[in-house]
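Under our numbering, the first residue of the sequence shown is numbered 757, with each subsequent residue one higher. The structure appears right after this line, and notes come after that.
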Amino acid sequence: MNELILSSLILDGPRKGQVCPREEVEPLLDAETLLWAHLDADHPDADAFLDRHLPYVDDMLHEALVADDTRPRCVAVGGGALIMLRGVNLQAGALPEDMISIRLWIDARRVVTLRKRNLKAVEDLQANIRSGQGPTTPGAFIADFARLLTERMEPLLDTLEDTVAAQEQNVLDAPGPELRREIAATRRQMIILRRYIAPQRDAMRALKELNVDWLMLDDHHDLQETADRVMRHVEDLDMLRERAQVIRDELANILSDRMNRNLYTLAVLSAVFLPLGFITGLLGVNVGGIPGATASWAFAALCGVLAMIGGAILLMLWRRGWM
C-alpha cells in the first residue's frame, strides 16, 4: 500500500520549492508556512488526517474528498474552497477519456490534494515547484494547476480532430463496415469526454468567481483564461460530435446506396432469367409430348429462342431506363 502522504512541497518562505519531510508535514500544515500535501485518497488513514487538519470542514465535504466517484465542482466553505477537477488519463495503456479525478482543499495557509490514480498534471506542477518556477500563493497554485490540467487535454482534442478529419476522407475513399465501427468508437470517446469536461467548465466558472482573500486579481484573470479555454474545448467537442454524426449519416447513405444497387442488379437478373427458367423448367418435365424431344435440332432451336427472349427482355429494360 502507498504511504498516506505521497508528496509534500513547501510553496513559500526560505524553503520554497523544497520537499517537506513526512514528519514535518502535519506540524507545517497548521503553521504559517504555505504547504502542499498530496495524499492517497484510498489510504485508510485519509479520513483521520482530514479530521485533524480540516476540522472546520463538515462530514459531507470530507466524504467528497475521498469518494470513489466525483464530478467537477467548486464549493466555497468559509475562507477556503473544495475543488473537484478531472484530467485526461495519460498513463501507458490507459484510455485518455477515462479521466482521473483530483480533489483539492485550498485555503490561505494550506493546500491539500487527494488522488486515487496518478495524474500527469500533478507531476508537471511538482516539477515546476522544485525548479523554483512554481506558485507561491494559494491563488497562484490553483490557477497554475487548472492551466496544466487544461493544457494536458489539448493534445487529445487535437488527436480527435485529426481522427475525424481522416474519417471524413475515408468515407469518400474507402467506405465500409469497419469505418462505421471506427466512427462509433470515436463518438463514444467524445461523449465520455464531454460528460466530464462540461461540468469542469462550470467548476472553472465557479472557481474564477470565488470571493476569497487568497485569490488575487491576477489569479482571477488566469482562471478566466483557463475557463475560456475549457469552454472552447466543450464547443470543439460539440462541433466534432456534429461532424462525426454527419460522417455517420453519409456513410449510412453510401452503404445503403451500395446495397440498393446490389439488390437492383439482382432484380434485373431475376427479371431476365425468371422467364427463361420457367421455359426450361416447363420443357424439363418428365412427361410425354415435349416438343422436339426426338429432334436433333431441338436443343439449338431452344437455345436460340431463349437468347431472343433474353435479348428482348434486356432491350425492354434498357428502353425503360432500368439498366
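Built from N, CA and C at the ideal position, the CB exists for glycine as well. These figures come from a predicted structure and were not determined experimentally.
For the pair residue 875 and residue 898, the CB atoms are not nearer than the 8 angstroms cut-off. When the Cα atoms are used, residue 1000 and residue 915 turn out to be separated by approximately 14 angstroms. Rounded to whole angstroms, the gap between the alpha carbons of residue 908 and residue 891 is 18 angstroms.
Taking 4 residues as the shortest admissible run, the region 811-850 contains the following complete alpha helix (DSSP H) segments, listed from N- to C-terminal end: 815-822.
The Cβ neighbour count for residue 887, taken over all protein chains shown within 10 Å, is under 16; the residue is labelled exposed. Following the DSSP letters along the chain, one finds residue 775 in no alpha helix (DSSP H), marked with neither H nor E. The three-state reading of DSSP puts residue 796 in strand, counting E and B together. Contact check for residue 867 against residue 970 fails: the beta carbons are separated by 8 angstroms or more.
Non-local beta-carbon contacts of residue 975 in its own chain, meaning distances under 7 angstroms to residues more than five positions away in sequence, involve 895, 896 and 899 in chain order. Residue state for residue 1028 is assigned as helix, using DSSP reduced to three classes. In the three-state reduction of the DSSP assignment, residue 1010 falls in the helix class, which pools H, G and I. Taking a cut-off of 8 angstroms for Cβ pairs, the region 949-965 and the region 921-941 do not touch, as fewer than three such pairs fall below it.
Here residue 1074 carries a helix assignment [DSSP, helix/strand/coil]. Under a 10 Å Cβ-count criterion, residue 777 is classified as exposed, with fewer than 16 other Cβ atoms of the shown protein chains found around its own Cβ.
Going by DSSP, residue 915 is part of no beta strand (DSSP E) but of the alpha helix (DSSP H) stretching over 894-929. By the 16-neighbour rule on beta-carbons within 10 angstroms, residue 996 is buried. A Cβ-Cβ contact shorter than 8 angstroms links residue 827 with residue 840.
Take the alpha-carbon of residue 799 and the one of residue 871: they are about 10 angstroms apart.
A direct Cα-Cα distance of roughly 38 angstroms separates residue 787 from residue 987. For residue 866, the enclosing beta strand (DSSP E) has its first and last residue at 866-871.
In the DSSP assignment, residue 979 forms no beta bridge with any residue. Between residue 833 and residue 813, the C-beta gap is smaller than 8 angstroms, which places the two residues in contact. Beta bridge pairing from DSSP links residue 859 with 840 and 870.
Less than 8 angstroms separates the beta-carbon of residue 837 from that of residue 862. Following the DSSP letters along the chain, one finds residue 766 inside the beta strand (DSSP E) bounded by residues 761-766.
Counting along the chain, residue 957 sits inside the alpha helix (DSSP H) bounded by residues 933-964. In this structure, residue 877 and residue 913 do not form a Cβ contact; the two beta carbons are roughly 15 angstroms apart against a cut-off of 8 angstroms.
Comparing C-alpha distances from residue 865 to each of 1063, 1065, 782 and 1017 shows the shortest one belongs to 782. The C-beta distance from residue 1069 to residue 1023 rounds to 13 angstroms, too long to meet the 8 angstroms contact threshold. A residue is called buried once 16 or more other Cβ atoms fall within 10 Å of its Cβ, and residue 977, having fewer, is exposed. Excluding five sequence positions before and after residue 935, the CB atoms of its chain that fall closer than 8 angstroms to its own CB belong to 923, 926, 927 and 1007, given in chain order. Note on residue 764: 16 or more other CB atoms within 10 angstroms of its CB, so buried under the neighbour-count rule.
CA-CA distance, residue 768 to residue 947, rounds to 41 angstroms. Residue range 876-886 is occupied by the alpha helix (DSSP H) that includes residue 881.
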